[in-house]
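A.B. asks: Let me begin by handing over the structure; questions about it come next.
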Amino acid sequence: MRLSRGGAPDYFFIGIVAALTVIGLVMLASASSDLAQERFGDSYYYIQHQIINGLLVGIFGFLIGVFVPLRIWEKYSLYIFLLSLAFLVMVFIPSLGIYTKGAERWLSIGGLSFQPGELLKLTFLIFLSAWVARDKERGKSISRGLIPFIFILGIPVGLLFLQPATTIAVILVIAVLAAYFAAGAKIRYIAVIMLLGLVTVGVLISTTGYRMDRITSYLNPESDPLGKTYHISQSLNAIGAGEIFGVGFGNSTTKLKYLPEPIGDSIFAVIGEEFGFVGTMTVVLLFGIFIWRGFFIARRTRDNFSRSLAVGVTTLIGFQAFVNMGAISGLLPLTGVPLPFISYGGTALAVFLTMSGILVNISRSRR
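Each residue of the sequence shown is one higher than the last, beginning at 13 in the working numbering.
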């Protein structure tokens with residue numbers, strides 16, 4: 013296999029990815045130190061794990077994404093998708109799956125633990141982009157496009173619902189629809205799938221208590237500040253305490269005892285408390301530039317596979333960031349979705365860096 017030898021990469025995009033990753037490591041070091049000392053007697057526990065399991069693996073994945081030719085990703089897309097799908101099924105096997113925080117999202121094989129759902133985000137986007145690119149009629153025909161697309165989409169999404177990982181499933185669907193549309197799918201096909209998705213999510217919310225609690229907490233954030241709305245109340249308190257410039261790096265008080273998941277989906281609130289409005293807007297701006305540059309890369313490519321994949325990856329990362337920051341800021345219901353590049357999670361960081369590497373690869377090619 014020859015490594016890709018395209019043109020110059022998009023260094024500006026690489027700089028944005030590097031900035032978000034560095035901010036993530038810096039903020040994790042602050043948000044996790046007291047928690048790590050309390051749980052493991054080592055204030056560097058979480059940051060060390062993030063560097064070893066996330067950053068180092070992610071840099072390797074980034075380089076693979078940059079230098080492995082796009083035609084190789086396209087050629088073997090089905091196999092890597094099926095492999096990740098098999099991993100996703102294996103989380104339901106008692107001896108392999110790890111049940112934590114009310115969900116089965118982790119898989120342990122040979123002492124190695126990871127989240128197959130994070131890997132599926134990438135492999136499914138690659139597979140879907142290759143599937144549509146092989147036949148232009150899949151974006152125009154009902155029998156050759158819409159119906160098989162719904163069936164293919166339903167398999168991984170159904171497994172994610174069973175974990176349960178509802179928000180991750182929704183984010184994946186949005187990204188896949190964006191990729192499908194970029195490949196030439198008719199807008200009415202997208203509308204049909206979105207309508208089916210809204211109905212499905214509505215049924216899930218209305219039939220499961222914890223999902224409904226998140227909606228009611230969002231609509232009435234002050235109704236139960238010591239119970240159901242405790243998380244959002246503490247998140248807003250943390251952001252409000254930071255005011256314009258924040259209380260300073262490492263000086264957050266809510267992360268110590270009050271803020272749930274300060275190293276996970278609530279890390280944006282820690283940024284708000286320690287660096288204030290300036291810090292949160294810097295992160296928002298960086299993600300905004302990431303999205304703009306990702307779509308810029310997609311627009312410059314000429315083949316359906318690369319364009320569809322670039323749009324899908326950019327949409328997935330951008331939409332997940334929006335969902336996280338919106339939820340922690342009280343604009344959306346709480347979801348438990350981590351902030352890309354910044355929240356703790358080795359699998360997620362490695363996958364996001366690999367996705368970014370593929371985007372850089374697309375920026376180098378002019379197929």
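Yeah, the Cβ is synthetic: ideal placement off N, Cα and C, and Gly gets one too.
Using the C-alpha atoms, what's the distance from Y57 back to I227?
C.D. replies: 35 Å
A.B. asks: Using the Cβ count rule (16 or more neighbours within 10 Å means buried), how would you classify F74?
C.D. replies: buried
A.B. asks: Span of the beta strand (DSSP E) holding F126?
C.D. replies: L124 to F126
A.B. asks: Would T179 and G348 qualify as a contact pair, given that the criterion is a beta-carbon distance under 8 Å?
C.D. replies: yes
A.B. asks: If we ignore side chains and look at the alpha-carbon of each, how far apart do R83 and T366 end up?
C.D. replies: 16 Å
A.B. asks: For S218, count neighbouring Cβ atoms within 10 angstroms of its own Cβ and tell me buried if that reaches 16, exposed if not.
C.D. replies: exposed
A.B. asks: Bridge partners of L119, per DSSP?
C.D. replies: G109 and F126
A.B. asks: Taking only three categories from DSSP, how would you classify V349?
C.D. replies: The three-state secondary structure of V349, taken from DSSP, is coil.
A.B. asks: Would you call I28 buried or exposed, if buried means 16 or more other Cβ atoms sit within 10 Å of its Cβ?
C.D. replies: Classified as buried, I28 has 16 or more neighbouring CB atoms from the shown chains inside 10 Å of its CB.
A.B. asks: Please classify N373 as buried or exposed, where buried requires at least 16 neighbouring CB atoms within 10 angstroms.
C.D. replies: buried
A.B. asks: Give the range of the alpha helix (DSSP H) segment to which A181 is assigned.
C.D. replies: T178 to A194
A.B. asks: Tell me the DSSP secondary structure of L165 in three-state form.
C.D. replies: Correct three-state label for L165: helix.
A.B. asks: If you draw a straight line from the C-alpha of L371 to the C-alpha of L298, how long is it?
C.D. replies: 16 Å
A.B. asks: Can you tell me which of I199, L140, A250 and R156 puts its alpha carbon nearest to the alpha carbon of A43?
C.D. replies: A250
A.B. asks: Short check: CB of Q60 to CB of R117, under 8 Å?
C.D. replies: no
A.B. asks: Are G369 and I76 closer than 8 Å when you measure CB to CB?
C.D. replies: yes
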